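First comes the structure, then the notes that go with it.
What follows is the structure, given as structure tokens:
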């Protein structure tokens, strides 16, 4: 059985879970972290316990997470039209979409160069 850390405010869908077990070729026990993550250091203890991480994180946190050497997966979703239209607050009608699980993306390599600009 693989222990996987799920970092997201959203519950993993059944389809995502089944697909994760398939790609990991094993049963999965999810450890859920559904709070706002400000620093990877906040979950260091959890990272020692897991085999992989599935995360919805800002780029810089994903990069910091990569340094811990755990496989990182991100859910891929496709927008599919529902066939319905919704009316926006400004009165404009817009086609409604739903998000459908389309697989998992594994981060195999990660290089990041950044530059901070401050105006004052």
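In the working numbering, the protein residues as written are 18 to 137. Where a beta carbon is used, it is the ideal one built from N, C-alpha and C, also for glycine. Computed from a prediction, not measured in an experiment: that's the story for all the values here.
Should residue i be labelled buried (16 or more other beta-carbon atoms within 10 Å of its own) or exposed?
| i | result |
| --- | --- |
| residue 70 | buried |
| residue 37 | buried |
| residue 82 | buried |
| residue 112 | exposed |
| residue 128 | exposed |
| residue 132 | exposed |
Identify, in the order they occur along the chain, each residue of the same chain with its Cβ nearer than 7 Å to the Cβ of residue i, setting aside the five sequence neighbours on each side.
| i | result |
| --- | --- |
| residue 94 | 116, 117, 118 and 119 |
| residue 47 | 21, 23 and 29 |
| residue 78 | 54 and 57 |
Checking the sheet assignment: what are the DSSP bridge partners for residue i?
| i | result |
| --- | --- |
| residue 123 | 90 |
| residue 111 | 103 |
| residue 96 | 116 |
CB-CB under 6 Å to residue i, same chain, minus the five flanking residues each way: which ones, in chain order?
| i | result |
| --- | --- |
| residue 19 | 41, 43, 45 and 68 |
Write down the C-beta distance between residue i and residue j rounded to the nearest angstrom, noting that I regard them as a contact closer than 8 Å.
| i | j | result |
| --- | --- | --- |
| residue 122 | residue 90 | 7 Å |
| residue 64 | residue 84 | Incorrect: roughly 10 Å between the Cβ atoms, too far for contact. |
| residue 26 | residue 51 | 5 Å |
| residue 114 | residue 97 | 6 Å |
I'd like the list of long-range same chain contacts for residue i, defined as Cβ closer than 8 Å, with 5 residues on each side in sequence excluded.
| i | result |
| --- | --- |
| residue 74 | 24, 54 and 82 |
> Is the region 92–109 close to the region 45–55, with three or more CB pairs under 8 Å?
Replying inline: no
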